[in-house]
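K.L.:
Once you've had a glance at the structure underneath, I'll fire off some questions.
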Amino acid sequence: MWNVTGVTVTVQITGNPFDKHAEAALVAAINRAVIEVNNNKCELTVQQLAQEYYQTLDVQERCRLEHLIDEQHRKALRGTAPWELLDDEVKLLTNIVLKRIKLDRAKVGHSILLYCEINTVEALYHLQRMIDSGELSRLFSRMLSFLAATEVIATASLSERQIDMALKSLTSAGGKAHYFNNPFNVQNHNCQLQVCYFVLSYEFVKFT
1485 MWNVTGVTVT VQITGNPFDK HAEAALVAAI NRAVIEVNNN KCELTVQQLA
1535 QEYYQTLDVQ ERCRLEHLID EQHRKALRGT APWELLDDEV KLLTNIVLKR
1585 IKLDRAKVGH SILLYCEINT VEALYHLQRM IDSGELSRLF SRMLSFLAAT
1635 EVIATASLSE RQIDMALKSL TSAGGKAHYF NNPFNVQNHN CQLQVCYFVL
1685 SYEFVKFT
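Residue numbers (this note's numbering): 1485 to 1692.
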């Protein structure tokens, strides 16, 4: 809904304890996975399957399509991703696609940075849900723990400043800026994001 020029947000993944070698290895694996999916020419097939997924509300059909997207990613990564990381890399790629998020690349510094392209308020909302639910943290904890050969607790976060800027950009496009004026006087950015998403969802349904 409300497709506009995409904005890029940066999700930060911090590991405790910090292991620069494990984080560098994981960033390299993620970037390799993104490249492999593109070079394997499965991206077009994945996008077509994802469109069918978005358009159906049937639970069984959605499960079937998710499985097919999983298989496309697994085929593209087989032989290039470490066997122990394969399942989690596939899960990461599939879940992001199903949330209408595009993973551009990863970078390592004092933490792991995931650069994600967001084109809709819906996608921004789902990315925040992936963070708040602990889904991304658990995924990266498993992968970093394997690479570090010890337990690593990863924490994913997206700054309120980035949510603020992304919301402003996404909702101001197409004449929707008035929703960002926060008519409900919601102070917490996560709550404001939810309010904005549901208001836009209601408007979308009402006029279609």
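Note that beta-carbon positions come from the ideal geometry of N, C-alpha and C, so glycine has one too. Quick caveat, the model's predicted, so the values are computed rather than measured.
(1) Is DSSP giving C1600 helix, strand or coil here?
(2) Could you say which of I1602, S1595 and K1591 lies nearest to V1581 if we only look at CA atoms?
(3) Between the C-alpha atoms of G1618 and A1640, what's the straight-line distance to the nearest angstrom?
(4) One question on the structure: do A1650 and V1493 come within less than 8 angstroms of each other, judged by their Cβ atoms?
(5) Under 8 angstroms, with one C-beta from each stretch per pair, do the region 1502–1522 and the region 1583–1590 reach the 3-pair mark?
(6) Using DSSP's beta-bridge definition, name the partner residues of A1640.
(7) So, D1572 versus M1627, is the Cβ gap smaller than 8 angstroms?
(8) Note down, in chain order, each residue of its chain lying with its Cβ closer than 6 angstroms to the Cβ of L1620, except the 5 sequence neighbours on either side.
(9) Out of D1503, L1549, L1570 and I1647, point me to the one whose CA is closest to Y1609's CA.
(10) Identify whether T1564 lies in helix, strand or coil by the three-state DSSP scheme.
(11) Buried or exposed for H1557, going by 16 or more other Cβ atoms inside 10 Å?
(12) Suppose you measure from the CA of L1528 to the CA of S1653; what does that come to, to the nearest Å?
(13) Would you report the Cα separation of L1552 and K1525, rounded to the nearest angstrom?
(14) By how many angstroms is the C-alpha of L1623 removed from the C-alpha of T1498?
P.N.:
For this structure:
(1) For the purposes of this step, residue 1600 is taken as the residue at position 116 of the sequence shown. The answer is strand: DSSP assigns C1600 an E or B state.
(2) Translated into the one-based positions of the sequence shown, residue 1581 becomes position 97. Nearest C-alpha to V1581: I1602.
(3) Taking the first residue of the sequence shown as position 1, residue 1618 is located at position 134. Taking the first residue of the sequence shown as position 1, residue 1640 is located at position 156. CA-CA distance, G1618 to A1640, rounds to 8 angstroms.
(4) Numbered from its first residue, the sequence shown carries residue 1650 at position 166. Numbered from its first residue, the sequence shown carries residue 1493 at position 9. Cβ distance < 8 angstroms, so A1650 and V1493 count as in contact.
(5) Contact holds: three or more Cβ-Cβ distances are below 8 angstroms.
(6) Stepping through the sequence shown from its first residue, residue 1640 is reached at position 156. According to DSSP, A1640 bridges with I1497.
(7) Taking the sequence shown and counting its residues from 1, the one referred to as residue 1572 is at position 88. Taking the sequence shown and counting its residues from 1, the one referred to as residue 1627 is at position 143. Yes; because the gap between Cβ atoms is below 8 angstroms, this pair is in contact.
(8) For the purposes of this step, residue 1620 is taken as the residue at position 136 of the sequence shown. Residues M1614 and A1640 of the same chain have their beta carbon placed closer than 6 angstroms to that of L1620, with the five preceding and five following residues left out of the count.
(9) Reading the sequence shown from its first residue, position 125 is the one you call residue 1609. In terms of Cα proximity to Y1609, the closest of D1503, L1549, L1570 and I1647 is I1647.
(10) Indexing the sequence shown from 1 puts residue 1564 at position 80. Three-state result, T1564: coil.
(11) Here residue 1557 corresponds to residue number 73 of the sequence shown, with the count starting at 1. H1557 comes out buried.
(12) Counting from one through the sequence shown, the residue named residue 1528 turns up at place 44. Counting from one through the sequence shown, the residue named residue 1653 turns up at place 169. If you draw a straight line from the Cα of L1528 to the Cα of S1653, it is about 27 angstroms long.
(13) On the sequence shown, position 68 is the one that residue 1552 refers to. On the sequence shown, position 41 is the one that residue 1525 refers to. Near 15 angstroms, if we compare the C-alpha coordinates of K1525 and L1552.
(14) Within the sequence shown, residue 1498 is the residue found at index 14, counting from 1. Within the sequence shown, residue 1623 is the residue found at index 139, counting from 1. Rounded to whole angstroms, T1498 to L1623 spans 12 angstroms at the Cα level.
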